[in-house]
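Numbering (this note's numbering), first residue to last: 1 to 961. Only one structure is covered here, and it is reproduced in the block below.
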Amino acid sequence: MILIPNRNCIFKPSKLKAKNMEYNFREIETKWRQFWAANETFKTEHTSTKPKYYVLDMFPYPSGAGLHVGHPLGYIASDIYARYKRLQGFNVLHPMGYDSFGLPAEQYAIQTGQHPAITTEDNIHRYRDQLDNIGFSFDWSKEVRTSSPEYYKWTQWIFTELFASWFNNATQKAEPIEALIEKFEKEGNSTVTACTDFEQTFSAEQWNAFTSIEKESILQEYRLAYLADSWVNWCPALGTVLANDEVINGLSERGNHPVEQKKMRQWSLRIKAYGERLLTGLEELDWTESIKEIQRNWIGKSQGASVEFNVEGSSEKIEVFTTRPDTIFGVTFLVLAPEHPLVNQLTTEDRKVAVAAYQKEASLKTERDRQANVKHISGVNIGAYAIHPFTGEIVELWIGDYVLASYGTGAVMAVPCGDQRDWDFARHFNLEIKNIFENIDISEAAYAEKEGVIANSGFLTGLPIKSAIVKAIEAVEEKQIGKGKTNYRLRDAVFSRQRYWGEPFPVYYKEGLPHMIDAQHLPIVLPEVEKYLPTEDGQPPLGNSKDWAWDTIANKVVSNDAIDNTSIFPLELNTMPGWAGSSWYFLRYMDASNSTAFASKEQTTYWNSVDLYIGGSEHATGHLLYARFWTKFLADRGYLSFDEPFKKMINQGMILGRSSFVYRTTDGKQLISKSQKENFETIPLHVDISLVDNDRLNIEAFKKWRPEYAEANFVIEEDGSYLCGSEVEKMSKSKFNVQTPDELVEKFGADTLRMYEMFLGPLEQSKPWDTKGINGVHNFLRKFWRLFHQNENGKESIFNVSDEEPTKEALKTLHKTIQKISIDLERFSFNTGVSNFMIATNELTEQKCSNRAILTDLLVLLSPYAPHICEELWVQLGHEAGTLSHASLPICNESYLVADTFSYPVSFNGKVRFKVELSASLDSKSIEDHVMKMKEMEKYLEGKTPKKFIVVPGRIVNVVV
RNA sequence: GCCCAGGUGGCGGAAUUGGUAGACGCGCUGGAUUCAAAAUCCAGUUCCCCUGGAGUGCGGGUUCGAUUCCCGCCCUGGGUACCA
């Protein structure tokens, strides 16, 4: 391949040739990007005799800010891995797409009137350009966008399937709702073990006598997608509900707005049904322990018992959940959540005012207030009494906001001696603290350990705690006042959002009941609206659409004016949450253009679960849980042959930005250099990092950037420069510390950027972005290039490789590198991979090696890291047809690595004193003999005889004196 | 509070099963080349009271030998929380 002469050099012909063969990364990279696109080099074969490998990245939300240097970190790692897998002969699926529904585009639309589809399209183009610039080997023919109707058609379809399913606890599987209806018709619901909160029983006769409305409202209690009045996180500022994982410390994840509790009729998904499988499924996954632990905590399985307490003078019973049934004799009072349904009924007349006041106070508190006041103890006695099921004693009933209505049964049996919160509560209100632990002092704090012996507890007295738990559950079950029970912290996921830019529900309402639109009529396309805000009467934005009704005869969306509630009905106004589309996108990639199914069973069976998933750990309780849930559901219903989506996952660390500051005096007139700032009263101001080089401010550029300081007085350093301060923070536009990959690609090239991002440190570690080392990586690539281009007379560089037999030492360098790179790859240790390439290049440069065989192998080995330069050199080596993307990875021949001699460090009491070069084949005894005769021994033995002589062959010699 | 990850030179970091601590790169210092600069090349660079000694957050322990294993603390980052 002959390069096009550099036009800039036309007038300097003497230098033309030399310049020609320099590492001109701009020309090389542009050329190969075009080559790959034109030849569809990375298009994945659908059928192949090769083994499959699926490498997935978390697809980005295309925001207006574009990619910053943190985004590509994971993408580069996965791209390197995908390229290696291709070289190893795998049929690799390595796709990319966009999570293109979401809040920012909608908020931008509210502010500007710009349709979110247009903003999103623009942003996607920008992202695509940026991604292309880095030279990723994505198969773009499989791109997905969650906001495209061809895609969300299937998101809607999955929702209708969830609606049409229930969870059978007996089989631990989702099953079709028809099977449940059939059971109801024949046997009623008493034999059904389903995941539901519905507790009434009905016979077949009763079922068959129900009206269709009654039937449907019962079925809602079983469906995996159901409408229910539930407590939701309502964010007034965003005007929408949020899922638990979208609320952080009582504030919305997006925008940090306060979130309150509100009861609303919303779609929910019964993820709770999968609690146990989501938990046990973690065991087989190759994920980090920390992310598994986060999911375990989120699912929050706790085992214990439910126990019923009778209420004195009432037929009502209070059910409590406890993990410590063994402490039942320690109960001295019960505490109910203020919202507990029995509170109003049981409260005695004299307590009504106080209870109502407390309830009101509790309801007004936001989640955040409640969390902020954790140490504050409050509660009210409601006047009524419960009866202890074993002692028959009466125990007081209280309400307190430390008991949550939404967890367990909304009521607890208080055991102050065994639970610190109960202890605190008892102390605060002067309630009895009964000690039921043998030889344990509970005068200062509760005893919560599960070690010890129970005392003062009737039939439990004398039992160790662990057996007392078992015995207590038996007793409770025998008395028929409770049973052993497992509780999960995991809540069903609220699936409605009061937003515009999301998937519309394929749902219309007839007589107040939801009906699904048949799959053959999907997608239900998002309607056009005039404005993206809620309607004046508080309906979600889709309420602004004039054409949002479903014609059940024509099977199409029609004008609202046509609604007659006989054949034309109103459509659902909510849209689906952001995580709907991202819960199954990895399946769509397998068969992205399928128009008859979300993906064919043939393709999903071939590709199976993702072999390697790289992405951030911030999705642990959101996306990663929901995606597992949907995968299990689709597997249960027979659409997939596997039920875990991501076999192995690596979580890349966050790249932080390094912000720069100038120090402005409080009067705003002077700007003080860092070392002088202690002498003034100053405020630090973020300054754009492009104006700062090595902490030194470009004062002229700064004046142009901030004209208000053009006249300011700069207090500078002795050397005349202005020194900025710095801090490591999250990258953000407002902190002026965003580094885009584009400028680095422009300055150093994509290959340098790729290798530098990998060289920064271990992939999983968070680290500040710092470009000061990028020269080192760039120089490495130039040095690598020079291996192929001999520098003659110090002036001309021409392509020049030798065809001689490779030397022994060059072979050793090559094969050592092959071995190390493959070990690094298995460990996902990309940073040491880069350094091993540097070592190889340094050694071959030293050896003056320009051997074709050596360099060809090294080139293939390096190509996943730095694909552009390697493609170019590959062609120069004579592979005229181009591309080494599907070449074979060289294999390590260990016979080249065997060394004849080894330089033994000789240490005394563990301290290395000198070295000796010995034959590698010597045995321990010969080594000892040889070392003992050495003249250096005299000095370190100081006339003594060694107590011990340790030889580790091939490692070390240690003399104990 | 509880759970998880981590703490190594001026900096980013390396050290696969306990076996030469500081690979590789940055930065810095000196030198070569150059009219000069860039680039490139060569040498040096953990610290100190320097023929020696200390040293992988701190204090102990096991071992011939510990960044690596054990015990107790400190600090940083992440997760989570009146979850009964």
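Glycine included, every Cβ here is placed at the ideal spot set by N, Cα and C. All figures in this text were calculated on a predicted structure; none of them were measured in a lab.
Distance CB(residue i)-CB(residue j) smaller than 8 Å
i	j	result
residue 394	residue 503	no
residue 812	residue 896	yes
residue 308	residue 345	no
residue 598	residue 579	no
residue 188	residue 206	yes
residue 337	residue 383	no
residue 827	residue 281	no
residue 496	residue 146	no
residue 450	residue 466	yes
residue 325	residue 469	yes
Alpha-carbon spacing of residue i relative to residue j, whole angstroms
i	j	result
residue 794	residue 31	Any answer about residue 794 is weak, because its pLDDT of 48 lies below 50 and its placement is not dependable; what the coordinates show is given next. Looking at the two C-alpha atoms, the distance is approximately 28 Å.
residue 622	residue 155	17 Å
residue 222	residue 177	8 Å
residue 159	residue 356	41 Å
residue 878	residue 800	12 Å
residue 198	residue 218	8 Å
residue 278	residue 85	30 Å
residue 740	residue 730	14 Å
residue 538	residue 263	15 Å
residue 919	residue 57	50 Å
residue 771	residue 618	25 Å
Assigned exposure category for residue i - 16 Cβ within 10 Å defines buried
i	result
residue 259	buried
residue 555	exposed
residue 420	exposed
residue 958	buried
residue 524	buried
residue 971	The requested residue 971 does not occur in the structure, where the chain is confined to residues 1 to 961.
residue 499	buried
residue 428	exposed
residue 386	buried
residue 977	This structure does not reach residue 977, given that the chain is present from 1 up to 961, and the question cannot be answered.
residue 265	exposed
residue 225	buried
residue 929	exposed
residue 296	exposed
residue 418	buried
residue 707	exposed
residue 850	buried
residue 408	buried
Residue of the options minimising C-alpha distance to residue i
i	options	result
residue 905	890, 931, 871	931
residue 271	530, 244, 111	244
residue 752	768, 737, 785, 724	785
residue 658	351, 738, 651	738
residue 486	735, 95, 275	275
residue 543	570, 562, 203, 551	570
residue 72	52, 139, 233, 755	755
residue 99	113, 59, 110, 251	59
residue 351	380, 703, 332, 44	380
Secondary structure of residue i, DSSP reduced to three states
i	result
residue 303	strand
residue 751	helix
residue 946	coil
residue 263	strand
residue 964	In the structure displayed, the chain extends from 1 to 961; residue 964 sits before or after that span and is not available.
residue 932	helix
residue 235	strand
residue 834	helix
residue 173	strand
residue 193	coil
residue 252	strand
residue 953	coil
residue 355	helix
residue 230	strand
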